[in-house]
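Just below is one structure, and these are the notes that go with it.
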Amino acid sequence: MKRHFLEFEKPIAELTNKITELRQMQDESAVNISSEIELLQTKVEELTKDIYSQLGAWEISQVARHPQRPRTLDYINNIFTDFIELHGDRHFADDKSIIGGMAKLGEQSVMIIGHQKGRDTKENLERNFGMPRPEGYRKALRLMNLANKFKLPIITFIDTPGAYPGIGAEERGQSEAIGRNLYEMAGLEVPIICTVIGEGGSGGALAIAIGDQINMLEYSVYSVISPEG
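Each residue of the sequence shown is one higher than the last, beginning at 0 in numbering that gives the first Met the number 0.
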């Protein structure tokens, strides 16, 4: 996959493109320019370290939303085994912006719940850009209650700009669904570990983030409202 560069990463992009050109030139000729390539790679590493040591709040928000940042399914596929996705809230629909199911972490069975964004326009539309509707939160609560019944630890991954503010979502009780999750999660008897893997915006994030331990990955954001307000 071709690397996507953010606006403040332009100097890094220029050097990276130069390295790509030199590698192509080396492949097409008998000239050995590996030393020049290695020198540029070192410069890229130093420049990246320098730029990322001086990021402001908005730049960090951009990194948190990076289109190539790992999503919930990436963590599931690389950390857990035997994942079985469970669908639907048993009331209205299956909201694909929240995924969940049972899996194994080593020998321990767990329940995983997380926001899921897409990688391209088609998938983002299918996942509603990671903005859950009420049925998504009710699906999450159904899985939490299932985990509580079978004494399974709950692991959640947070990555959403916020709950979907559409008319249909409000008509189906968006605020009630979020509030119900907060209330119920506070009373669950199993361990809950929550990790912000990208952006965590407002109640849309909090609705699956009431836990015994809250973690944030580097360059992730967690706020009472999305940066745009």
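Each residue gets a CB set at the ideal place from its N, CA and C atoms; glycine is no exception.
Query raised in the report: With a Cβ-Cβ cutoff of 8 Å, do ILE196 and THR71 count as a contact?
Result: Taking 8 Å as the Cβ cut-off, ILE196 and THR71 qualify as a contacting pair.
Query - Residues sharing a beta bridge with GLY100, DSSP - result: DSSP lists GLU84, ILE111 as partners of GLY100.
**Report entry** ASN77 classed as buried or exposed, judged by whether at least 16 other C-beta atoms fall within 10 angstroms
**Finding:** Counting every other CB atom within 10 Å of its CB across the protein chains shown gives ASN77 a total below 16, marking it as exposed.
Query raised in the report: Can you tell me the Cα-Cα spacing of ASN31 and HIS3, whole angstroms?
Result: Approximately 29 Å, taken between the alpha carbons.
Query raised in the report: At what residues does the beta strand (DSSP E) containing MET24 begin and finish?
Result: In the DSSP assignment, MET24 falls outside any beta strand (DSSP E) and within the unbroken alpha helix (DSSP H) covering 9-27.
Query raised in the report: Tell me, which residues are paired with ILE153 by DSSP?
Result: Looking at the DSSP assignment, ILE153 forms a beta bridge with MET110, ILE191.
Query raised in the report: If you draw a straight line from the C-alpha of ALA204 to the C-alpha of HIS114, how long is it?
Result: Those two C-alpha atoms are separated by around 9 Å.
Query raised in the report: Can you name the start and end residues of the beta strand (DSSP E) that TYR221 belongs to?
Result: Counting along the chain, TYR221 sits inside the beta strand (DSSP E) bounded by residues 220-222.
**Report entry** Cβ neighbour criterion (16 or more within 10 Å) applied to TYR182
**Finding:** Exposed, since its Cβ has fewer than 16 Cβ neighbours within 10 Å.
Requested in this report: Look at the Cβ atom of LEU274, then the Cβ atom of MET184, and state whether they are nearer than 8 Å.
Outcome: For the chain, the structure presents residues 0 to 228; residue 274 sits outside this window and is missing.
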